[in-house]
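First the structure, in the form of structure tokens, and then the observations on it.
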Amino acid sequence: MKYDTNNFQKDVIEQSFITPVLVDFWAEWCAPCRILGPVLERLAEKYKEQWKLVKLNTDLYPDIAAEYGIRGIPNVKLFHNGKVINEFTGALPEHMIEEWLRKSIPSKFSDMIEKAKKLLAEGKIEDAKVILEQVHNGDINNGEVKILLAKILVYENPKEALRLVDSAQLSNDTVELAEAITTMSQLFEKLYNQNELPEDSVKQLYIDAIKDLRDKKFESSLKKFIEVIRENKAYDDEGARKACIAIFKYLGEEHETTLKYRREFSRALYV
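Adding 887 to a residue's 1-based position in the sequence shown gives its number in this note's numbering.
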């Protein structure tokens, strides 16, 4: 078969530094393998510009199968830059495999995305934005890029940030940040509709907290939102609680501001 290999190092490991390689670990006696094999071959032809398929008969290459911990077949592993980055076992339906591939295949712009992430972490927002916009133009369906762009645009253009979030296919890595961006966009919208907020003694404090958030004064904003929680946790459908969580997710769990205010936030909730 055209997808078989007799040189795993060359056809899989080395090739995976050029394009992702999907390896189908199979055997002739395996009935599910005979079901899955043709499906993978159809998909390999359909997506030949995005990834390569290699089929490895575990009976012929038991050492390789043992090296990669194959205990049940069919087993499918995705290699990128010489390493396994995702896998599944069993004969999945074609539509489920396509969905798995869509989420698993790294973007050809992955190096640029990593560079943009690094720039964001360093606070070089405009430089990161330029790179992310370039990637977005070349890979318009990349959900991670949409969320990273939305993270920037939530301050410049909250409605566009929401549009990007709404159109993005989310992964486990992006869902919390997407929720944070959505919450922040909705909070900023409240600044233009302050008269619609419930009348209460904490109303002005709540508005001031949103203004601080809009100005990226995260510590001041958190202090005020936490005070709102202490005085009236239920205000604006627990808006202050949702805002604090959004800030923590936006900044990241290891950010110094998150670490500083997480405990105070928790105490305020349960006093």
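Ideal Cβ placement from N, Cα and C applies to all residues, glycine included.
Checklist line | Where the beta strand (DSSP E) through N1119 begins and ends | finding: Here residue 1119 corresponds to residue number 232 of the sequence shown, with the count starting at 1. From DSSP, N1119 is part of no beta strand (DSSP E) but of the alpha helix (DSSP H) over 1105 to 1119.
> Is T976 helix, strand or coil when you go by DSSP?
Replying inline: Here residue 976 is taken as the residue at index 89 of the sequence shown, counted from 1. Strand.
Exercise for review: Whole angstroms is fine: what's the gap from L1051's alpha carbon to L1057's?
Suggested key: The residue you call residue 1051 lines up with position 164 of the sequence shown. The residue you call residue 1057 lines up with position 170 of the sequence shown. In a straight line, the C-alpha of L1051 is about 11 Å away from that of L1057.
inquiry  = Are the CB atoms of L909 and W938 within a distance shorter than 8 Å?
reply    = Reading the sequence shown from its first residue, position 51 is the one you call residue 938. Reading the sequence shown from its first residue, position 22 is the one you call residue 909. In contact: W938 and L909 (Cβ atoms closer than 8 Å).
Where W916 falls, given that 16 or more other Cβ within 10 Å makes a residue buried: Within the sequence shown, the letter at position 29 stands for residue 916. Classification of W916: exposed, given that the 10 Å Cβ count is below 16.
- request: Check whether the segment 1005 to 1020 touches the segment 1065 to 1073, counting contact only when three or more Cβ pairs, one atom from each stretch, lie closer than 8 Å.
  value: no
- Tell me which same chain residues have a C-beta within less than 6 Å of the C-beta of S994, skipping the five on either side of it? In the sequence shown, residue 994 corresponds to position 107, counting from 1. Same-chain partners within the cutoff: D1026, N1029.
Element boundaries [beta strand (DSSP E), containing N962]: Within the sequence shown, numbered from 1, the residue matching residue 962 stands at position 75. That run of the beta strand (DSSP E) goes 962 to 967.
Considering only C-alpha positions, which residue in the set S1153, L1156, Q1081, L965 is nearest to Q902?
One-based indexing of the sequence shown puts residue 902 at position 15. Nearest of S1153, L1156, Q1081, L965 to Q902, Cα basis: L965.
May I ask you to list the residues that DSSP assigns as paired with W913?
Along the sequence shown, read from residue 1 onward, the residue named residue 913 stands at position 26. In DSSP, W913 forms a bridge with N944.
Checklist entry - So does S1107 have its beta carbon nearer than 7 Å to some heavy atom of the ligand NAD? => result Ligands in the displayed structure: none, and consequently the ligand NAD is not present.
- Message: By the DSSP assignment, the alpha helix (DSSP H) with F1135 in it spans what residues?
- Response: Reading the sequence shown from its first residue, position 248 is the one you call residue 1135. Run containing F1135: 1122 to 1138, per the alpha helix (DSSP H) assignment.
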